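Taking it in order: structure first as structure tokens, then the write-up.
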Amino acid sequence: MGNTENGLELRISLDGIEPQIWRSIRVPESIELAELHRVIQLAFGWEDRHLHQFTAGTDTDTRRILSDEETAQEIGVESETAVLLTSVLETVAGSSSAGVAGSSTSAAGAAGQAATLSYEYDFGDSWDHTIAVTGRCLLQQGQITCIGGGRRGPVEDSGGASGYTHLSQVLANPRHPEYEDLADWYAGAASAMGRFVAAPFDAEAFDVDAANARLARFAMLRSAGPPTETEVDAVVRPVRWLLQRAGTAGLELTAAGYLKPAVVRAAVAELGWQERCYGTINREDQAVPVLELRENCVRWKLLRKTKGRLVRTPAARKIADDDAALWAHVAERFAFPGTNAEDLVHRVIVGWLLEDTMPDRHVIGQVLADILNNSMFRMAGGGPVEELDSMSLHQELRWALGCLDLREPEEKSGKEGKLTLAGIKFLLDVRRRRNRE
Numbered sequence: 004m005g006n007t008e009n010g011l012e013l014r015i016s017l018d019g020i021e022p023q024i025w026r027s028i029r030v031p032e033s034i035e036l037a038e039l040h041r042v043i044q045l046a047f048g049w050e051d052r053h054l055h056q057f058t059a060g061t062d063t064d065t066r067r068i069l070s071d072e073e074t075a076q077e078i079g080v081e082s083e084t085a086v087l088l089t090s091v092l093e094t095v096a097g098s099s100s101a102g103v104a105g106s107s108t109s110a111a112g113a114a115g116q117a118a119t120l121s122y123e124y125d126f127g128d129s130w131d132h133t134i135a136v137t138g139r140c141l142l143q144q145g146q147i148t149c150i151g152g153g154r155r156g157p158v159e160d161s162g163g164a165s166g167y168t169h170l171s172q173v174l175a176n177p178r179h180p181e182y183e184d185l186a187d188w189y190a191g192a193a194s195a196m197g198r199f200v201a202a203p204f205d206a207e208a209f210d211v212d213a214a215n216a217r218l219a220r221f222a223m224l225r226s227a228g229p230p231t232e233t234e235v236d237a238v239v240r241p242v243r244w245l246l247q248r249a250g251t252a253g254l255e256l257t258a259a260g261y262l263k264p265a266v267v268r269a270a271v272a273e274l275g276w277q278e279r280c281y282g283t284i285n286r287e288d289q290a291v292p293v294l295e296l297r298e299n300c301v302r303w304k305l306l307r308k309t310k311g312r313l314v315r316t317p318a319a320r321k322i323a324d325d326d327a328a329l330w331a332h333v334a335e336r337f338a339f340p341g342t343n344a345e346d347l348v349h350r351v352i353v354g355w356l357l358e359d360t361m362p363d364r365h366v367i368g369q370v371l372a373d374i375l376n377n378s379m380f381r382m383a384g385g386g387p388v389e390e391l392d393s394m395s396l397h398q399e400l401r402w403a404l405g406c407l408d409l410r411e412p413e414e415k416s417g418k419e420g421k422l423t424l425a426g427i428k429f430l431l432d433v434r435r436r437r438n439r440e
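Going by this note's numbering, the sequence shown opens with residue 4, and the numbers climb by one from there.
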């Protein structure tokens, strides 16, 4: 039984909507509230655009736990950071004499009476969810699974329970006078996150297999351990190659400041980048991955140009032969890229990559522009962020990630390979470093 662990069976339902929208989910007993938040988001199809909070207890004795640590500190309530679900259930049990059916933990209470707590998402629309612990179970280590549910999750920003109910009623009746306007709004809301509406809106549909695919991905991320030496070596291989090629003397550059043809050819051959380049591959403009590797190593303050040569920085001289230190140095640069706009774009894209929810390439620029504008970013002249501006930030990050070995080999169709486990662990480390700020 070493590969199993104790779990809780939860029934999560949305308040104020009939027929009820609900999910039955099994989670590890060790789950934290921040992780449960992601489980709810994935099970209901939410897009995690807004703040959220958990509450437990009674009207006179309520434990309020916010997602935003800074806001929580300002108003004197708890942040969800590192708070276990079981500790909140103890609050519920203590205030209501309720508990987990069959529990042997201190959260146990009156037999047959279920423990409950609340989860609110989006303080504008106020989507209130009731979470009931309906039983205990034995799970495979790290497993998170949806065993049932009813109806699709609501559409983001549709006006809360009453607004979504109205939307559902109108979209179910093509003869309704508001049908055309709301159908257009729904199509726009879906495509804004890169999800093209392929079928008519169906409020009664719930795809448990799709929900479980999302939850399985999250469970894999949650249980991913620290990187092995082999994984660290694989990820930083291109950076290490260029630093070691520079050596103590540095690399002579062309008059225009590029790597010499022999170095370009060696990089492409030894790093296996032939499929990513074209032409005779003896110049950086024919081997863009090599150009980006050089430029990003300069941005990451590992290399610098001086007197026509590319030389190691003092930091690089200390860590050029230490893969773990190289990993940490580069991960820190990804976690804190520089400007606030870059920081937001990095956080968003790292999340998409980890959860495999990257919007379609045709709309990603507009999606990022919307996110930046909604976060009150503006261009130097005061105008809104345009698609081309956000695409520039996306491309910079995409090329920077391409300087590391994070993916499986490129597919024959030209499509990027999937993230390797080592690549996933690197991005998780980037996220952890950012969250520790």
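By construction, the Cβ of each residue, glycine as well, lies at the ideal position given by its N, Cα and C atoms.
Values in this document were obtained by computation on a predicted structure and should not be read as measured data.
Item	Value
Provide the residue(s) that pair with Ala59 in DSSP beta bridges, ordered along the chain.	Arg66
Do Thr148 and Arg67 have their C-beta atoms closer together than 8 Å?	no
On a CA-only basis, which of Met223, Ser27, Ile134, Leu141 is nearest Gly60? Give me that one, please.	Ile134
According to DSSP, is Val136 part of a helix, a strand, or is it coil?	strand
Flag this pair as touching only if the segment 366-374 and the segment 394-412 have three or more C-beta atom pairs under 8 Å; answer yes or no.	yes
Taking DSSP as the reference, what is the three-state secondary structure of Pro203?	coil
Does the distance from the C-beta atom of Ala164 to that of Ile20 stay below 8 Å?	yes
Between the alpha carbons of Arg410 and Ala208, how many angstroms are there, rounded?	34 Å
Let's test the definition: count the other Cβ atoms within 10 Å of the Cβ of Gly405 and tell me whether it reaches 16, buried, or not, exposed.	buried
Decide if the segment 257-264 is in contact with the segment 274-290; the criterion is three or more beta carbon pairs, one per stretch, under 8 Å apart.	yes
In or out: Phe126 buried (at least 16 other Cβ within 10 Å) or exposed?	exposed
Would you mind giving the Cβ-Cβ distance between Ile322 and Val351, rounded to the nearest angstrom? I have them listed as a contact below 8 Å.	Their Cβ separation, rounded to whole angstroms, is 29 Å, which puts Ile322 and Val351 out of contact at 8 Å.
What are the partner residues of Leu13, as DSSP defines its beta bridges?	Ile28, Val136
Going along the chain, which residues of its own chain have a beta-carbon closer than 6 Å to the beta-carbon of Asp51, five neighbours each way excluded?	Gln44
Quick one: Cα of Ala96 to Cα of Val301, how far?	56 Å
Excluding the five sequence neighbours on either side, which residues of its own chain have a C-beta within less than 6 Å of the C-beta of Ser171, listed in chain order?	Ala206
What three-state label does DSSP hand Asp131 in the structure shown?	strand
What does DSSP give as the partner residue(s) for Lys310 in the beta ladder?	Answer is none; Lys310 lacks a bridge partner.
Tell me which same chain residues have a C-beta within less than 6 Å of the C-beta of Gly311, skipping the five on either side of it?	Leu256
DSSP state of Ile367, grouped into three classes?	helix
Who are the Cβ neighbours of Gly145 in its own chain at under 6 Å, not counting the five residues just before and after it?	Ala222, Ser226
Write down the C-beta distance between Lys304 and Thr316 rounded to the nearest angstrom, noting that I regard them as a contact closer than 8 Å.	5 Å
Return the CA-CA distance between Gly151 and Leu245, expressed in angstroms with no decimal places.	52 Å
Cα separation between Gly10 and Ser27?	13 Å
Could you please give the first and the last residue of the uninterrupted beta strand (DSSP E) stretch that includes Thr74?	Here Thr74 belongs to no beta strand (DSSP E); instead the alpha helix (DSSP H) covers 72-78.
Under the assumption that Arg297 contacts Leu313 (Cβ atoms under 8 Å), give the Cβ distance between them as a whole number of angstroms.	7 Å
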